Every structure is written in structure tokens, then in C-alpha cells.
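Residue numbers are given in the working numbering: position 8 of the sequence shown equals residue 8, and the series is strictly consecutive.
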Amino acid sequence: MAKEIIDDRFKKFGSVSFISISRVNDFIDYLDKGKLMGNRCTQCGRSFFPPRADCFQCRSSAMAWFEVENTGELATFSTLTYAPAGFEKELPYTIAVLDYGDFRVFGRTDPAIPAEELHVGMRMKSVVTKTAENRLTYVFKKV
């Protein structure tokens with residue numbers, strides 16, 4: 001009997017990985033290559049980040065990858081001084097949403113950017129990086 005192989009690439013993502021098995025595990029391979037990827041439904045054209053296995057609009061599973069590139073506009077941000085379990089050692093940190101037009105990306109700002117320099121509407125870009133524990137992630141940097 002053949003041994004079942006478990007695709008658990010997601011355990012390499014972020015500070016705390018709450019899921020290790022996903023139908024969009026290729027996301028991790030792209031991060032490993034320095035590319036931040038979303039996906040787009042090939043049936044209705046809706047774009048997603050984080051990537052999704054299925055389109056909630058038309059229910060299709062036909063998805064195509066696209067690279068999150070160029071710049072986005074800072075839509076909102078908040079500096080956290082209290083964190084959920086597993087993130088306490090990283091406090092304080094700033095979470096944010098970048099608006100790329102067809103989709104939005106949720107993540108953290110680069111810790112080198114003081115919170116007082118951030119403002120809604122500023123141009124930023126998403127950049128793949130690694131955590132202090134050498135896990136894959138991404139941050140928003142000023143352009």
C-alpha cells in the first residue's frame with residue numbers, strides 16, 4: 001500500500017500557522033521564489049488576495065495565479081499593542097490594507113516605518129520577506 005503524501009507547505013508561512021494544508025499551497029512556493037501571488041477566477045474575473053481555492057461569486061474552482069506587483073494605496077492601518085496568541089513577542093506592530101484597485105491585500109507594514117509616517121492614501125508596495133524565525137511572509141514598504 002502506498003504511503004499518503006501530505007502537502008503541508010503552509011506551515012512555512014507567517015509567525016503562527018493556523019493551517020498547514022490548503023488547496024492553494026502553491027502560494028508558498030511563489031513566496032519562496034520572492035513572488036507575492038493572488039488568484040483570479042477564470043470564469044467571472046474576480047481577483048482574490050489571499051488566494052482562494054474557489055470563487056465565492058460564481059462558485060467556480062477555475063482559478064489562475066497573478067503576481068501582486070506595482071504599488072497599492074494605503075486604505076487603512078492600525079498599530080497593535082495587544083496581540084492574539086502566538087504574536088505577543090512581536091508587539092507593537094502595524095497591520096494595514098493596501099488597495100490595488102481590483103483587489104485589496106491585508107498584511108503588516110515594514111517594522112522600519114514609524115507609525116507616525118503612515119497616512120491613508122500613501123503609495124506602498126508588497127514585498128516578500130522572512131520572519132525572525134526564517135518563515136515566509138510579506139510586508140508593505142514605502143515607495
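Cβ atoms here follow ideal geometry from the backbone N, Cα and C, with glycine treated the same way.
Source: prediction; values computed, not measured.
Q) Opposite G145 in the DSSP bridges: which residues? A) Because the chain in this structure spans residues 1 to 143, residue 145 falls outside the shown range and cannot be described.
**Q.** Where A115 falls: helix, strand or coil (DSSP)
**A.** Helix at A115.
Q: Look at M122 and F140 and say whether their C-beta atoms are less than 7 Å apart.
A: Result no, Cβ atoms of M122 and F140 do not sit closer than 7 Å.
Q: Using alpha carbons as the reference points, say which of T42, R104 and E67 lies closest to C55.
A: Nearest of T42, R104 and E67 to C55, Cα basis: T42.
Q | Residue range of the beta strand (DSSP E) that includes L136 | A | In the DSSP assignment, L136 falls within the unbroken beta strand (DSSP E) covering L136 to K142.
Q) Any contact of the stretch 56 to 73 with the stretch 20 to 37, i.e. 3+ C-beta pairs under 8 Å? A) Remark: three or more beta-carbon pairs, one from each stretch, lie closer than 8 Å, so the stretch 56 to 73 and the stretch 20 to 37 are flagged as touching.
Q) CA-CA distance, P111 and K3? A) About 43 Å.
Q.
Can you give me the C-alpha to C-alpha distance between F119 and T129, rounded to a whole angstrom?
A. Before going on, a small fix: residue 119 reads as His here, not Phe. Going by C-alpha positions, H119 is about 23 Å away from T129.
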